[in-house]
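Trainee:
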Amino acid sequence: MDFMEKKLEDIVVTLPYEDGTSLDCGVYSYFEVNNKKYFALLPLKGEKQLDFSQSYMLYEVEEDEENNPIVMYIEDDIEYAIAAQYFSNQLSKK
2 MDFMEKKLED
12 IVVTLPYEDG
22 TSLDCGVYSY
32 FEVNNKKYFA
42 LLPLKGEKQL
52 DFSQSYMLYE
62 VEEDEENNPI
72 VMYIEDDIEY
82 AIAAQYFSNQ
92 LSKK
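Residue numbers 2 to 95, in my numbering, belong to the letters of the sequence shown in order.
Spelled out as structure tokens, the structure:
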């Protein structure tokens, strides 16, 4: 699956934390709900191997003018619940 002409397995998202640390994640899944786009992320172990022993993290995603992903925290609890339910349903179908 691709996101704006980029292969999901090639996308690395670095999540910064308030304490100055960061976490590199890979994109497990890309999906759309209610006209919004989301990534399901997993931490990476090694350069590009998803760490399936960790929990999925959901983020809204948009693209910039160069079609690069911009990952945003989902602040609305209802929006997060809707995205999480959709993602959970997709996982159960696999």
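Backbone N, C-alpha and C fix where the C-beta goes; we use that ideal spot for every residue, glycine too.
Distance, Cα to Cα, Tyr81 vs Leu45?
Mentor: Roughly 23 Å separates the two Cα atoms.
Trainee: Expressed to the nearest angstrom, what Euclidean distance is found between the alpha-carbon atoms of Lys49 and Asn68?
Mentor: Computed Cα separation, rounded: 21 Å.
Trainee: Taking only the alpha-carbon atoms, compute the straight-line gap between Tyr39 and Glu66 and give it to the nearest angstrom.
Mentor: Whole-angstrom Cα-Cα distance: 18 Å.
Trainee: Throw me the rounded Cβ distance for the Leu42 and Gly27 pair, which I believe falls under 8 Å.
Mentor: Yes, they are in contact, since the Cβ atoms of Leu42 and Gly27 sit about 7 Å apart, within 8 Å.
Trainee: Measuring alpha carbon to alpha carbon, tell me which of Ala85, Lys37, Glu33, Ile71 ends up nearest Val13.
Mentor: Selected option, being the one with the closest Cα: Ile71.
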